[in-house]
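Read through the structure below, which is laid out as structure tokens, and then see the notes.
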Amino acid sequence: APDSEQTLKKGMKVAIPYYYELHSQLKEMYPEVEWIKVDNASAAFHKVKEGELDALVATQLNSRYMIDHYYPNELYHFLIPGVQNASLSFAFPRGEPELKDIINKALNAIPPSEVLRLTEKWIKMPNVTIDTWDLYSEQFYIVTTLSVLLVGSSLLWGFYLLRSVRRREVIQGDLENQISFRKALSDSLPNPTYVVNWQGNVISHNSAFEHYFTADYYKNAMLPLENSESPFKDVFSNTHEVTAETKENRTIYTQVFEIDNGIEKRCINHWHTLCNLPASDHAVYICGWQDITETRDLIHALEVERNKAINATVAKSQFLATMSHEIRTPISSIMGFLELLSGSGLSKEQRVEAISLAYATGQSLLGLIGEILDVDKIESGNYQLQPQWVDIPTLVQNTCHSFGAIAASKSIALSCSSTFPEHYLVKLDPQAFKQVLSNLLSNALKFTTEGAVKITTSLVHIDDNHAVIKMTIMDSGSGLSQEEQQQLFKRYSQTSAGRQQTGSGLGLMICKELIKNMQGDLSLESHPGIGTTFTITIPVEITQQVAAVEAKAEQPITLPEKLSILIADDHPTNRLLLKRQLNLLGYDVDEATDGVQALHKVSMQHYDLLITDVNMPNMDGFELTRKLREQNSSLPIWGLTANAQANEREKGLN
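If you use our numbering, the sequence shown closes out at 1116, no skipped numbers anywhere.
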């Protein structure tokens, strides 16, 4: 600042050009100042202004010039006391004394007035006044005149053009409106449309046309229509055949064909018509199409469903006719035996025989209903296998023993052999496997009048954990023809010999489906008059049987001598039958006709067991159970139902 003390103070950062010989003298005079060498003084002025440096040592001429021209009222200069004036000299190489003499003579020749003038240039800033008008007046008049002439001619020409442009804009606006309207109208159509000239080139189309194809197939669609890669090549040739006779014909022609849009084959209903252009000798084709793929597929699906419905109706009629016969026959037998039992003319042996036959007939009727339910589960996909570890030789042996009496009564040799390795268990559904084996064994004994029925079982190892069970059931029965073999595994199918026996014709069909569900295969080989051999192969997991640890027998549970049981059933016959069966076992039985009455009786009296029907009026068995459990009742409850659906059992357990 100008009013500050004009001296260098302790701790100041002061810049000095590295080529100043004054540096060593100043360093001795001001040892407490931080001296910073710079390449030149001009660059250091800016650093002083920005505050990066506190001061700069420079010549008086240079300082005045830089401050007056670039940093007025921002930087100030002062003389350093005790320092002699700077001496400015030219430097020359030592080997060129002639140049030194020439320069000295030139400097001496400069007059003092000229030296003073040059010095004043650095000492003070001149106040130069420039008269702009004197410098540019002539050019101004020239430019102004030319501008007036240019503007005048432009206005005249612009006025002329304005009328033409306005007329053209009106016409062009009308045309653009028509084009925009036609384009918007065309693009708003959901169905593809396009225009083809007489040479077969696509000259226009709407956005639906472009979006119908993939990028690659869109390029093919824009090819001339007679090109072999164009999807419309057949349309174009047919169009010429139809409309080449006359150009005045405005009939719309349609045809249905398939077109590839780059993703799949699509079925379209294509249409085209001929359009004559007044300004051209050739007409154009206006074309388009409607995609009817979904409609075609829907019609096909409806046709398939219609056929399925017809087949289902036929199957239903066949089922009702077959089941009506199969159910009425055992029911008639049971009713006949009951009529005989109601009379008094039968001996004790005859009455026992009638009861046994009626019971056996009832069992066959239950078996028939069970087969019908199995077929329904299999066809609906609800048949759930429950695999577990099974001792196959033991299972097969026990099943064979259950048919021993039937074989002995017909004097048929029934044998069961196995090459199964000892102490091996396989993982499969034992109930399904036993059902298949029992059905095949029953058929073999049914259609064999003499000879033998042989069962062989073997295990073919695949690796340590997997194997294949192979079982054959061979009989010496009547055998089957080729025609009978082809129909054998179909629903309600029976052979000529089978029609003479009782049966629904569902057993082998169930066996085939059960083996299929176990990922196995059931095949047969039969010759008329020789016999039939069924072969079962099932892939299974295997494991070695671990010896059972002998467990200490628990003490048997002692039941009360006389249980009090409550029966809840809306059907009086079932209620009476169950009551008498329980009375024969020595139990006290009480009855309720529905869930409401049963709930009331339980609240009034203690019972050891509740046996309830599932479906009852007013309150069913499920609701009755919920009410009792809400009362924290620990009463054991047994549910009875004729519904054999698996979800009914799950519903009861839950």
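We put the CB at the ideal spot given by N, CA and C, even for glycine.
Just so you know, these numbers come straight off a predicted model, no measurement behind them.
What does a CB cutoff of less than 6 Å around residue 880 pick up in its chain, not counting 5 residues either side in sequence?
For the purposes of this step, residue 880 is taken as residue 418 along the sequence shown, with counting starting at 1. Excluding residues within five positions, the ones whose Cβ falls inside 6 Å are 855, 919.
Could you tell me whether the Cβ of residue 823 comes closer than 8 Å to any Cβ of chain B?
You won't find chain B in this structure, because it holds only one protein chain.
Since residue 721 and residue 730 should fall inside the 8 Å C-beta cutoff, what is the C-beta to C-beta distance between them, to a whole number of angstroms?
Within the sequence shown, numbered from 1, the residue matching residue 721 stands at position 259. Within the sequence shown, numbered from 1, the residue matching residue 730 stands at position 268. Correct: roughly 5 Å between the Cβ atoms.
Residues in its own chain within less than 6 Å of residue 1015 by CB, not counting five upstream and five downstream?
As a first step, residue 1015 is located in the sequence shown; it is residue number 553 there, counting from the start. Low per-residue confidence applies at residue 1015: pLDDT is 45, beneath 50, and the placement is therefore not dependable, though the value from the model is reported in the following sentence. Once the five neighbours on either side are set aside, residue 1015 has no close Cβ partner at all.
Bounding residues of the alpha helix (DSSP H) (the contiguous stretch that carries residue 1123)
Here the chain covers residues 463 to 1116 and nothing more, so residue 1123 does not appear.
What is the rounded straight-line gap between the Cα of residue 1055 and the Cα of residue 819?
By one-based count along the sequence shown, residue 1055 stands at place 593. By one-based count along the sequence shown, residue 819 stands at place 357. Near 32 Å, if we compare the C-alpha coordinates of residue 819 and residue 1055.
Unbroken alpha helix (DSSP H) run spanning residue 1061, endpoints:
Walking along the sequence shown from the start, residue 1061 turns up at place 599. Segment 1057-1066, the alpha helix (DSSP H) holding residue 1061.
Return the Cβ separation of residue 898 and residue 796 in integer angstroms, given the expectation that the two are a contact with Cβ distance under 8 Å.
The residue you call residue 898 lines up with position 436 of the sequence shown. The residue you call residue 796 lines up with position 334 of the sequence shown. In fact, because the Cβ distance is near 29 Å, the residues do not count as touching under 8 Å.
Inspect the beta-carbon positions of residue 1060 and residue 1044 and report whether they are closer than 8 Å.
Against the sequence shown, residue 1060 aligns to sequence position 598. Against the sequence shown, residue 1044 aligns to sequence position 582. Contact: no.
Assuming contact is defined by CB atoms lying nearer than 8 Å, are residue 857 and residue 895 in contact in what I supplied?
If you number the sequence shown from 1, residue 857 lands on position 395. If you number the sequence shown from 1, residue 895 lands on position 433. For residue 857 and residue 895, yes; Cβs fall inside 8 Å.
Which of the three DSSP states is assigned to residue 660 in this structure?
Walking along the sequence shown from the start, residue 660 turns up at place 198. Three-state result, residue 660: coil.
For residue 697, count the other beta carbons within 10 Å of its own beta carbon; 16 or more makes it buried, fewer makes it exposed. Which is it?
Working through the sequence shown from its first residue, we reach residue 697 at position 235. Burial is judged here by how many other beta carbons sit within 10 angstroms of a residue's own beta carbon; residue 697 has at least 16 and is buried.
Restricting to Cα atoms, I'd like to know which of 758, 1026, 638 is closest to residue 1051.
Within the sequence shown, the letter at position 589 stands for residue 1051. It is 1026.
By Cβ distance below 7 Å, which residues in the same chain neighbour residue 1049 in space, the five residues on each side in sequence not counted?
Sequence index remark: in the sequence shown, residue 1049 carries index 587 (1-based). Only 1024, 1025, 1027 meet the Cβ criterion.
I'd like the span of the alpha helix (DSSP H) that includes residue 985, first residue to last.
Counting from 1 along the sequence shown, the entry for residue 985 is found at position 523. Premise fails: residue 985 lies in the beta strand (DSSP E), 983-989, not in any alpha helix (DSSP H).
Residue 879, DSSP secondary structure in three states
The sequence position of residue 879 within the sequence shown is 417, counting from 1. Three-state result, residue 879: strand.
Is the distance from the Cβ of residue 654 to the Cβ of residue 733 below 8 Å?
Within the sequence shown, numbered from 1, the residue matching residue 654 stands at position 192. Within the sequence shown, numbered from 1, the residue matching residue 733 stands at position 271. Cβ distance not < 8 Å, so residue 654 and residue 733 don't count as in contact.
Between which two residues does the alpha helix (DSSP H) carrying residue 1088 extend?
Numbered from 1 along the sequence shown, position 626 holds the residue referred to as residue 1088. Element bounds for residue 1088: 1083-1092.
Backbone CA spacing between residue 645 and residue 668 [nearest angstrom]
For the purposes of this step, residue 645 is taken as the residue at position 183 of the sequence shown. For the purposes of this step, residue 668 is taken as the residue at position 206 of the sequence shown. When rounded, the distance between both Cα atoms is 7 Å.
Continuous beta strand (DSSP E) stretch holding residue 736: start and end
The residue labelled residue 736 in the question sits at position 274 within the sequence shown. It spans 727-737 - the beta strand (DSSP E) in which residue 736 sits, taken as one unbroken run.
How is residue 510 classed by DSSP in three states: helix, strand or coil?
Counting from one through the sequence shown, the residue named residue 510 turns up at place 48. Helix, per DSSP.
My assumption, with CB atoms under 8 Å, is that residue 757 sits in contact with residue 724. Please give the rounded CB distance.
Mapped onto the sequence shown, residue 757 falls at position 295. Mapped onto the sequence shown, residue 724 falls at position 262. Between residue 724 and residue 757 the Cβ distance is about 21 Å, and since that is not below 8 Å, they are no contact.
When burial is assigned at 16 or more other CB atoms within 10 Å of the CB, is residue 658 buried or exposed?
Translated into positions along the sequence shown, residue 658 becomes position 196. Counting the other CB atoms within 10 Å of its CB gives residue 658 a total of 16 or more, which places it among the buried residues.
Restricting to Cα atoms, I'd like to know which of 921, 694, 801, 1041 is closest to residue 747.
Position 285 of the sequence shown, counted from the first residue, corresponds to residue 747. Of the listed residues, the one whose Cα sits closest to residue 747 is 694.
Which same chain residues, not among the five before or five after residue 685, have their C-beta less than 7 Å away from its C-beta?
Position 223 of the sequence shown, counted from the first residue, corresponds to residue 685. 691, 692, listed in sequence order.
Kindly indicate which three-state DSSP category residue 909 falls into: helix, strand or coil?
Along the sequence shown, one-based indexing puts residue 909 at 447. DSSP places residue 909 in coil when its eight states are reduced to three.
CA-to-CA distance, residue 826 to residue 803, given in whole angstroms:
If you number the sequence shown from 1, residue 803 lands on position 341. If you number the sequence shown from 1, residue 826 lands on position 364. When rounded, the distance between both Cα atoms is 20 Å.
For residue 982, I'd like the list of residues in its chain whose CB is within less than 6 Å of its CB, leaving aside the five on either flank, ordered along the chain.
Residue 982 sits at position 520 when you count from the first residue of the sequence shown. Around residue 982: 999, 1000.
Got a sec? Which residues, its chain only, sit under 8 Å from residue 490 by beta carbon, not counting five neighbours each side?
Walking along the sequence shown from the start, residue 490 turns up at place 28. Excluding sequence positions up to five before and after residue 490, its CB lies less than 8 Å from no other CB in the same chain.
Confirm the yes/no value for this check: CB of residue 877, any heavy atom of the ligand MG, distance under 7 Å.
Ligands are entirely absent from the displayed structure, and the ligand MG is therefore not among its contents.
Among all the DSSP beta bridges, which residues are the ones paired with residue 717?
One-based indexing of the sequence shown puts residue 717 at position 255. Answer is 732, bridged to residue 717.
Cα separation between residue 547 and residue 541?
Here the question's residue 547 lines up with position 85 in the sequence shown. Here the question's residue 541 lines up with position 79 in the sequence shown. Their backbone Cα atoms lie some 10 Å apart in a straight line.
Mind checking whether residue 679 and residue 749 have CB atoms under 8 Å apart?
As a working note, residue 679 is residue 217 in the sequence shown. As a working note, residue 749 is residue 287 in the sequence shown. No, Cβ-Cβ distance for residue 679 and residue 749 is not below 8 Å.
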